[in-house]
């Protein structure tokens, strides 16, 4: 029900007709519920699913998976950039320097990945709490409506 | 004489007040249909977009680019600071700084993706608030999401680089004590600079690495706090 609704098409009456006010009020009430049910209830269903343990796990897994994918090219990017820096000065890295750059990149990659996934998991836990009980993410929590 | 005057209809007539309320209810519904409904539909479409991969990629890409741009300037400053490009120290700083840039980029992407997810959930919560007649909270713009994400990423990376700079500054005090150990370290093949740097330099390389990594791992094991 996303198109315009003429309420009087639903009641075949006007407010001034016999019992017209009552029929109009009833029709408006039903139309508002229909509107909510067809347009907004699906969002509540989706949000409740996302807020569930499984939904949050899925969302967190997506995020962490994305972060891991991002890190795939970490070492190549660092070694490439460092080599280009040397080339700008007319130099070329020695094999030992290249090995050092690569080793340092691998260590930093591990540490950075650890840091970013840790942050993502902590944020996901806080987000679930906010979603269910109200907080930064929602005006009202799905479960706790203390406001 | 009949006293029967009560034979009329028992039906209660609608009052003028009831009719007025019904008229207003119908008019409000009509106004909502004409003016608010299209805007709500537009907002729902926007939130649906935010839930998609394209938006996540947009925010994370912006955050990553902004994050690295800040450090690239620091990089230029460092290279123009009179450091001899032929020195081992130059190469070493270059490798460390490029790691900081890359970590900044990665953190920017991660935080951008996270911010996009949060914006999506926030939008969903707003739609639910609208649906139940509550006031919807304002949403962050795409640009501000990326800005915040990149700022966080740059701060993380700068912190790493500052740790590195501090470890450099602390080197001098350790030289005398550590010289012998430094020789041992180089003899073990741990330093690619053994052939071009002093024993002091070779020694500190190992401790610097552990310093950098240690800082980051320390964060990972640190107290749990809300993500800013």
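Residue numbers (the working numbering), protein chains in the order written: chain C, 104 to 250; chain V, 137 to 364.
Where a beta carbon is used, it is the ideal one built from N, C-alpha and C, also for glycine.
Item, Value
"Same chain only: Cβ atoms within 8 Å of residue 208 of chain C, ignoring 5 sequence neighbours per side", "177, 178, 181 and 182"
"Residue 153 of chain V (DSSP reduced to helix, strand or coil)", "helix"
"Cβ-based burial, residue 190 of chain C [other Cβ within 10 Å; buried from 16]", "exposed"
"Beta-carbon gap between residue 196 of chain V and residue 249 of chain V smaller than 8 Å", "yes"
"Endpoints, alpha helix (DSSP H) assigned at residue 203 of chain C", "198-236"
"At least 3 beta-carbon pairs within less than 8 Å: the region 154-166 of chain C vs the region 133-141 of chain C", "no"
"Separation of residue 186 of chain C from residue 169 of chain C, as counted between CA atoms", "27 Å"
"Min CB distance residue 146 of chain V to chain C below 8 Å", "no"
"Residue 237 of chain V to residue 174 of chain C span [Cα, whole Å]", "13 Å"
"Residue-chain proximity (residue 185 of chain V, chain C), Cβ-Cβ < 8 Å", "no"
"Residue 261 of chain V beta carbon near the ligand MG (any heavy atom closer than 7 Å)", "Although the ligand MG was asked about, the structure shown includes no ligands whatsoever."
"Chain C within 8 Å of residue 169 of chain V, Cβ atoms only", "yes"
"Candidates V/147, V/201, V/156 and V/182: closest to residue 256 of chain V by CA position", "V/182"
"Assigned secondary structure, residue 221 of chain V (DSSP; H/G/I helix, E/B strand, else coil)", "coil"
"Local conformation of residue 192 of chain C per DSSP, three classes", "coil"
"Rounded C-alpha distance that separates residue 200 of chain C from residue 225 of chain C", "37 Å"
"Under 8 Å from the C-beta of residue 189 of chain C: neighbouring residues of chain V", "221, 227 and 230"
"Cross-chain neighbours of residue 199 of chain V in chain C, by beta carbon under 8 Å", "None at all; the shortest Cβ gap to chain C is about 12 Å."
"The region 119-138 of chain C / the region 232-247 of chain V touching (three or more Cβ pairs under 8 Å)", "no"
"Cutoff 8 Å: residue 216 of chain V Cβ touching any chain C Cβ", "no"
"Chain-order list of residues whose beta-carbon lies under 6 Å from that of residue 145 of chain C (same chain, five-residue window excluded)", "none"
"Contact between the region 153-169 of chain V and the region 122-135 of chain C (3+ Cβ pairs under 8 Å)", "yes"
"Per-residue contacts from residue 122 of chain C into chain V (C-beta, under 8 Å)", "150"
"Cα-Cα separation between residue 206 of chain C and residue 221 of chain C, rounded to whole angstroms", "23 Å"
"Straight-line Cα distance separating residue 171 of chain C from residue 326 of chain V", "In this predicted model, residue 326 of chain V has a pLDDT of only 38, less than 50, meaning its place in the structure is not dependable; the value taken from the coordinates is given anyway. Taking the straight line from one Cα to the other gives about 29 Å."
"Option in C/107, C/120, C/213 and C/196 with minimal Cα separation from residue 174 of chain V", "C/107"
"Partners in chain C for residue 257 of chain V, counting only beta-carbon separations shorter than 9 Å", "150, 153, 154, 162, 230, 233, 234, 240 and 241"
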